[in-house]
Amino acid sequence: MEEWYRQSQEVWEHAHIRLQRAVRRQRIQADQRRRPHPSYQVGQKVWLSTCNLRLRLPCKKLSPKFIGPFEIVRQVNPVAYHLRLPASYRICPTFHVSLLKPAHSAVGEARTGEDPPPPLDIEGSPAY
Numbered sequence: 001m002e003e004w005y006r007q008s009q010e011v012w013e014h015a016h017i018r019l020q021r022a023v024r025r026q027r028i029q030a031d032q033r034r035r036p037h038p039s040y041q042v043g044q045k046v047w048l049s050t051c052n053l054r055l056r057l058p059c060k061k062l063s064p065k066f067i068g069p070f071e072i073v074r075q076v077n078p079v080a081y082h083l084r085l086p087a088s089y090r091i092c093p094t095f096h097v098s099l100l101k102p103a104h105s106a107v108g109e110a111r112t113g114e115d116p117p118p119p120l121d122i123e124g125s126p127a128y
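Numbering-wise, the sequence shown is residues 1 to 128 according to the UniProt record's numbering.
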């Protein structure tokens, strides 16, 4: 009985060492292809991906890819953020960084702040 117990312990330890070695190799291979996640600051505006949201739109194909921008209220953990969403959304306001995209205010302000250019006059008729 003692011999069987000792042999079982050796087999278990050998299997455990091999398993840890395999896990270590897989972690190294997976980390080579990973990109570091973006870090956001509290108060920063971000766009929210609609891939996991159920939007009440007639056509999913033409629905927006991102909605927002929404303000980050706090960082829950290194890869999750709590957003300030309208109460009408009725969803959990904590999202993974892969679902967020930074909102660049300079681009949005340039679009809304400028008037469109006047129409061109080509042969007496306006052209846009």
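For each residue, glycine too, the CB sits at the ideal point set by N, CA and C. Computed from a predicted structure; not experimentally measured.
In the structure shown, Val73 adopts extended strand secondary structure according to DSSP, grouped into three states. Burial is judged here by how many other beta carbons sit within 10 angstroms of a residue's own beta carbon; Tyr81 has at least 16 and is buried. Contact between Leu83 and Phe70 is confirmed by a C-beta separation of about 4 Å, below the 8 Å threshold. Segment contact: the stretch 58 to 72 against the stretch 42 to 49, three or more CB-CB distances shorter than 8 Å; contact assigned. Taking a C-beta distance under 8 Å as the contact criterion, Ser63 and Thr50 qualify as a contact pair.
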